[in-house]
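Chains as they are written, first to last, in the numbering used here: chain A, 1 to 206; chain B, 1 to 206.
Glycine residues also receive a C-beta, built at the ideal position from the N, C-alpha and C atoms.
Notes to accompany the following structure.
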């Protein structure tokens with residue numbers, strides 16, 4: 001005999017346990033929580049997941065997720081379309097937006113070149129980026145990818161593809177994190193930050 | 001400006017983060033996972049949660065969750081209705097069912113007496129248990145609650161309410177866990193296990 005006394009519960013547990021990082025035990029705990037709480041909590045959750053998955057779109061310009069054909073960043077006339085920031089996924093967009101320091105637009109690659117995971121340039125939104133840069137002729141493309149080997153590979157590949165487009169190709173600054181103590185910094189970062197030293201005026205907050 | 005580029009995503013994240021142990025960051029990770037995967041995964045999850053919450057019932061006899069008025073344990077003619085096992089919640093039912101060692105029926109209290117959390121006897125399915133024992137006249141009621149102070153309090157309260165019912169009132173055996181080494185056992189458990197020593201024949205697996 002199955003130890004679930006309810007097929008409905010069993011189904012919900014099975015579906016919840018498909019989520020990453022959620023095993024059968026956690027899934028059961030979540031399902032029982034939803035059963036214990038008022039009905040609307042489970043119903044609204046279910047409906048919002050269905051609505052999100054059925055109605056959400058990807059912005060035709062930058063591949064950000066969006067409720068309309070063009071996302072509200074691309075559609076905002078106050079954003080500087082001469083500056084395109086290339087990021088891995090939409091979490092990076094959120095992180096950069098939260099800084100309040102960026103006023104350009106984005107291009108979401110949807111991942112990073114990683115041969116070990118079988119992800120090559122054709123699995124990412126790189127062709128659309130090359131086409132977009134060719135058509136829109138932005139002044140600058142800033143690559144904001146992870147500072148890992150995969151990030152470096154992707155940066156290098158993007159640079160090769162974009163260097164003749166006329167746009168200036170930059171990457172986000174790398175160096176010692178603000179608040180870090182030098183003695184604990186890793187030697188690669190510290191070494192690079194000495195090589196790439198910058199005028200003191202640039203570090204004064206404007 | 002809000003850092004979510006989509007209202008639909010924001011809603012889903014808000015609803016997911018109501019679940020226990022799931023914060024905004026995890027909720028966002030789950031929502032993005034659902035967006036990345038094929039549509040049916042999110043849709044089926046949503047639908048199964050809605051169906052579970054709208055259709056599941058509590059068994060009228062034992063308060064176990066059930067797809068029908070009477071759960072499939074109470075409805076099973078092979079179960080021994082002369083033996084009622086009182087547990088805290090349905091996870092305990094599953095745990096006991098998984099042992100394959102129990103053939104009686106259950107009664108789910110829906111919690112445990114815990115003054116610190118504001119849970120008194122009237123918040124639990126204790127009245128229905130007293131009524132059920134009076135009506136069905138089982139031979140034995142075995143209390144399988146946690147071996148905590150709250151569990152002991154609840155056991156004592158149940159004992160007081162049931163002792164004149166004619167049923168034998170028992171609790172699950174307490175002692176050294178199977179596989180445990182004596183030197184690491186806590187002294188309360190060890191002391192009690194010496195006081196409550198049992199005939200060797202009882203320990204031989206049948």
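Residue-level contact by beta carbon fails for residue 63 of chain A and chain B, as no gap is shorter than 8 Å. Just measuring C-alpha positions, the residue of B:18, B:82 and B:11 sitting nearest residue 142 of chain B is B:82.
When the beta-carbon positions are compared, residue 102 of chain B and residue 85 of chain B come within less than 8 Å of each other. Of the residues assessed, residue 40 of chain A falls on the exposed side of the cut-off, its CB having fewer than 16 other CB atoms within 10 angstroms. The beta carbons of residue 7 of chain B and residue 89 of chain A sit about 19 Å from each other, so the pair does not count as a contact at 8 Å. The beta carbons of residue 190 of chain A and residue 176 of chain A sit closer together than 8 Å. Neighbours of residue 17 of chain A in chain B, taken as residues whose beta carbon is under 8 Å from its own, are absent, since the nearest beta carbon is some 10 Å off. Proximity of residue 79 of chain B to chain A, defined by a Cβ-Cβ separation below 8 Å, is not satisfied.
Residue pairing of residue 105 of chain B in beta bridges, as defined by DSSP: B:84. Contact between residue 144 of chain A and residue 96 of chain A holds: their C-beta atoms lie close to 7 Å from each other, under 8 Å. A Cβ of chain A is located within less than 8 Å of the beta carbon of residue 44 of chain B. Fully enclosed beta strand (DSSP E) runs of no fewer than 3 residues occupy 104-108, 140-143 and 168-171 of the region 102-175 of chain A, in order along the chain. Nearest neighbour of residue 5 of chain A by Cα position, chosen from B:139, B:105, B:29 and B:200, turns out to be B:105.
Two segments are said to touch when three or more pairs of C-beta atoms, one from each, lie closer than 8 Å; by this definition the region 51-71 of chain B does not touch the region 24-34 of chain B.
Around the CB of residue 122 of chain B, fewer than 16 other CB atoms lie within 10 Å, so the residue is classed as exposed. DSSP places residue 191 of chain B inside the alpha helix (DSSP H), whose first and last residues are 187-195. Among the bridge pairs identified by DSSP, residue 41 of chain B is matched with none.
DSSP, read as helix, strand or coil, puts residue 66 of chain B in strand. Cβ contact annotation for residue 78 of chain A (same chain, cutoff 8 Å, sequence separation greater than five): 103, in chain order. For residue 192 of chain B, the closest of B:174, B:201, B:200 and B:202 by C-alpha to C-alpha distance is B:174.
Our two residues, residue 28 of chain B and residue 46 of chain B, have alpha carbons roughly 16 Å apart in a direct line. Between residue 119 of chain B and residue 158 of chain B, the gap from beta carbon to beta carbon reaches 8 Å or more. One alpha carbon belongs to residue 182 of chain B, the other to residue 92 of chain B, and they sit about 27 Å apart. Listed along chain A is no residue with a C-beta nearer than 9 Å to that of residue 144 of chain B; the closest approach is about 15 Å. The Cβ of residue 93 of chain B sits closer than 8 Å to at least one Cβ of chain A.
A direct Cα-Cα distance of roughly 7 Å separates residue 15 of chain B from residue 48 of chain A. Here residue 19 of chain B has no same chain residue with a Cβ atom under 7 Å from its own Cβ, once five neighbours each way along the sequence are excluded. In the same chain as residue 150 of chain B, and ignoring 5 residues on each side of it, the C-beta atoms closer than 7 Å to its own belong to 112, 113 and 114, in chain order. When the alpha-carbon of residue 147 of chain A is set against those of A:136, A:11, A:172 and A:164, the nearest one is in A:172.
With its beta carbon at least 8 Å from every one in chain A, residue 102 of chain B lies outside the interface.
A distance below 8 Å separates the beta carbons of residue 129 of chain A and residue 107 of chain A. For residue 52 of chain B, a Cβ of chain A is located within less than 8 Å of the residue's own Cβ. When CB distances to chain A are screened at a threshold of 8 Å, the residues of the region 23-40 of chain B falling below it are 26, 28, 29, 30, 31, 32, 33, 34, 35 and 39, in chain order. Note on residue 138 of chain B: 16 or more other CB atoms within 10 angstroms of its CB, so buried under the neighbour-count rule.
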